[in-house]
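Each residue of the first sequence is one higher than the last, beginning at 40 in the numbering used here. Contents: one structure, followed by commentary.
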Amino acid sequence: MLDIKFIRENGETVQKGIRNKGSDVDIKHILETDSKQKELSLSVQKLREERNVAAREKNIEKGKKIKEKLEKEEHELRSLEDRIKELLLKIPNLPLKDVPIGDESRNEVIKKVGEIKKFDFEPRDHLTLGESLDIIDVTKAAKVSGSRFGYLKNEAVLLEFGLVQFVMEKLRDEGFIPLIPPVLIKREITEGLGYWQQGGNENYYFVRDYELSENEQVKSLDLYLAGTGEHSVVPMHKDEIFSEKDLPKRYVIFSSCFRREAGTYGKDTRGIFRVHQFDKIEMVSFVKPEDDRKEREKLQALVESMMQDLGLSYQLVRLATGDLSFPSAETIDVETWIPSQKRYRETHSISTTTDFQARRLNIKVQDKSEKKFVHILNGTAFAIGRTIIAILENYQEKDGSVMVPKILQKYIGKTVIKPKK
RNA sequence: GGAGAGGUCGCAUAGCGGACUAGUGCAAUGGUCUUGAAAACCAUCGUGGCAGCAAUGUCACCGUGGGUUCGAAUCCCACCCUCUCCGCCA
Numbered sequence: 040m041l042d043i044k045f046i047r048e049n050g051e052t053v054q055k056g057i058r059n060k061g062s063d064v065d066i067k068h069i070l071e072t073d074s075k076q077k078e079l080s081l082s083v084q085k086l087r088e089e090r091n092v093a094a095r096e097k098n099i100e101k102g103k104k105i106k107e108k109l110e111k112e113e114h115e116l117r118s119l120e121d122r123i124k125e126l127l128l129k130i131p132n133l134p135l136k137d138v139p140i141g142d143e144s145r146n147e148v149i150k151k152v153g154e155i156k157k158f159d160f161e162p163r164d165h166l167t168l169g170e171s172l173d174i175i176d177v178t179k180a181a182k183v184s185g186s187r188f189g190y191l192k193n194e195a196v197l198l199e200f201g202l203v204q205f206v207m208e209k210l211r212d213e214g215f216i217p218l219i220p221p222v223l224i225k226r227e228i229t230e231g232l233g234y235w236q237q238g239g240n241e242n243y244y245f246v247r248d249y250e251l252s253e254n255e256q257v258k259s260l261d262l263y264l265a266g267t268g269e270h271s272v273v274p275m276h277k278d279e280i281f282s283e284k285d286l287p288k289r290y291v292i293f294s295s296c297f298r299r300e301a302g303t304y305g306k307d308t309r310g311i312f313r314v315h316q317f318d319k320i321e322m323v324s325f326v327k328p329e330d331d332r333k334e335r336e337k338l339q340a341l342v343e344s345m346m347q348d349l350g351l352s353y354q355l356v357r358l359a360t361g362d363l364s365f366p367s368a369e370t371i372d373v374e375t376w377i378p379s380q381k382r383y384r385e386t387h388s389i390s391t392t393t394d395f396q397a398r399r400l401n402i403k404v405q406d407k408s409e410k411k412f413v414h415i416l417n418g419t420a421f422a423i424g425r426t427i428i429a430i431l432e433n434y435q436e437k438d439g440s441v442m443v444p445k446i447l448q449k450y451i452g453k454t455v456i457k458p459k460k
């Protein structure tokens, strides 16, 4: 959510900024509603004051008269307030200044690291490898759960837990608090995050837990399945005020993530690249506003360092305004080289939501003299499925076996995974 | 799932239709005293909005949302959450 005061003073800038993000909310309309609301609010306040005076004097006659008038105005005021709130919730976060303007074709590659792996044979894709190593099974998953699901088996499971252990150890040393969150989240909580305004129902699962009450009426508990660890971790601190010494507060989160992937029919249908359920290790930071940039750089540096530890080649991409998510002010994607596709594919995403989520969720920091909304950042440490894909494909040998990256060997207990058939 | 007790300004507690403009204790902050500290004493001390240069004034907020009333922390309805006991379960 943006600050209404900020919108009042910077109407033009806001309109331009959100248009660049693809939003068509009419700022002028909001400001008109806002000034109407302000006027009415003044009148209501005055009436309430009169009412309070009359009540103190026990002047029943006068009180009755005021009540009548007040009820009418309060009703009108409430509907104006609801309207403004509704409109404000529809406004996405503004992009930072250096974000390229335009749609995803304007995304900028800002850095490439690592040599692209050369093979003297035609590299197999992750599914072919996974099946012959007997570590990935999507056929059986389809039988049980449908398309876009997968089983990880044998060494793939060890790879997953090895990655988790590796990241937890590394980030714990950096002061991150390890966390496994609930994956079912209350509806009103998810609204604070600002992900539902843009095709929320297409992206996330809505869970209904039906129950029959005594009179046979269906009651339901409305919960969402977390799309990423951020969803259940950011709202942990809803309505809280950090003291300055508590910040930065950093979490490293292991969470299963659920995506509907509606509207992606025909995209990445092979294997486990795009699935409805996957595990992810995610970083979330709460920082003082002035530390935003420093924290972005830190998260990015950590991701790069871990990618280099794994020996994977990647590029960094600065997303253009039109490609940013609703709450994001700046996003850097990490794309990892996938040999079978002969291109870099998105494996990580590092974003700042500035004070956008903090305002919606009312999360502040007590400075020396004032309370300010914190800045909240999130970044992928590893999307485990896609990381396993990258490892399998980049570390494959001519005979179909896969070398285990050095850093993970101690967790897997071997240096190479050999085909079972 | 059953039975009971609760949710009040950081924490603990009081208040159960009109002096609540929410009391008290603790904690916190500033000060007095002290060589320094403790103790004692004095003072300050919830959040958000609106008006105002400001002092200040005013409105809202007692789990959440409705309702009753001239007047609601207090009464009514619904919901959420916490605790205790029992049952079930990992």
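Glycine included, every Cβ here is placed at the ideal spot set by N, Cα and C. From a predicted model like this one, the values you see are computed outputs, not experimental measurements.
- Per DSSP, Ile427 lies in no beta strand (DSSP E) segment; the continuous alpha helix (DSSP H) that holds it begins and ends at Ile423 to Asn433.
- In terms of Cβ geometry, Pro220 and Ile292 form a close pair [threshold 8 Å].
- Relative to the Cα of Arg425, the nearest Cα in the group His165, Gly214 and Phe245 belongs to His165.
- Judged by DSSP in its simplified three-state form, Met275 adopts helix.
- If only uninterrupted alpha helix (DSSP H) runs of at least 4 residues are considered, those enclosed by the segment 347 to 413 are 395 to 400.
- Less than 8 Å separates the beta-carbon of Leu416 from that of Thr391.
- Take the alpha-carbon of Leu41 and the one of Val203: they are about 36 Å apart.
- Per DSSP, Arg289 is one residue of the beta strand (DSSP E) stretching across Lys288 to Phe297.
- If you look at Val183, you'll find it in the alpha helix (DSSP H) that goes Thr178 to Ser184.
- In this model, Thr393 and Gln354 are separated by some 24 Å (Cα to Cα).
- Assignment of beta strand (DSSP E) within the segment 100 to 157, counting only whole runs of 3 or more residues, yields 147 to 152 in chain order.
- Taking a C-beta distance under 8 Å as the contact criterion, Gly233 and Arg384 do not qualify as a contact pair.
- For Val342, the closest C-alpha among the options Asp406, Ile311, Ala422 and Ala397 is that of Ala422.
- The three-state reading of DSSP puts Pro328 in helix, counting H, G and I together.
- In the DSSP assignment, Lys97 falls outside any alpha helix (DSSP H), carrying neither H nor E.
- Asn242 carries a helical assignment under DSSP once its states are collapsed to helix, strand and coil.
- With a cut-off of 8 Å on Cβ pairs, the segment 129 to 139 is in contact with the segment 57 to 76, counting three or more such pairs.
- Of all C-beta pairs linking the segment 143 to 156 to the segment 354 to 370, three or more are shorter than 8 Å, placing the two stretches in contact.
- Taking the Cα of Met207 as reference, the smallest distance to any Cα among Pro217, Glu199 and Leu198 is reached at Pro217.
- In the structure shown, Val323 falls within a strand segment according to DSSP collapsed to helix, strand and coil.
- Glu113 places its beta carbon 8 Å or farther from that of Ala359.
- In the three-state reduction of the DSSP assignment, Val441 falls in the strand class.
- DSSP places Asn193 in the helix class (H, G or I) of the three-state scheme.
- At a Cβ-Cβ threshold of 8 Å, Glu283 and Gln405 count as neighbours.
- About 4 Å separates the Cβ atoms of Leu223 and Leu262, confirming a contact at the 8 Å cut-off.
- With respect to the 8 Å criterion, Gly201 and Leu363 are not classified as neighbours on the basis of their beta carbons.
- Taking 8 Å as the cut-off, the beta carbon of Arg289 is found closer than this to the beta carbon of Phe215.
- Contact annotation, Tyr434 with Val441: C-beta distance approximately 5 Å; criterion of less than 8 Å satisfied.
- In the structure shown, Asn417 falls within a strand segment according to DSSP collapsed to helix, strand and coil.
- For the pair Leu349 and Gly169, the CB atoms are not nearer than the 8 Å cut-off.
- For Asp261, the three-state secondary structure derived from DSSP is strand.
- Secondary structure of Phe281 (DSSP, three-state): strand.
- A Cβ-Cβ distance of about 6 Å is found for the pair Arg187 and Glu300, placing them in contact under the 8 Å criterion.
- Relative to the Cα of Phe395, the nearest Cα in the group Glu374, Leu109, Glu227 and Leu127 belongs to Leu127.
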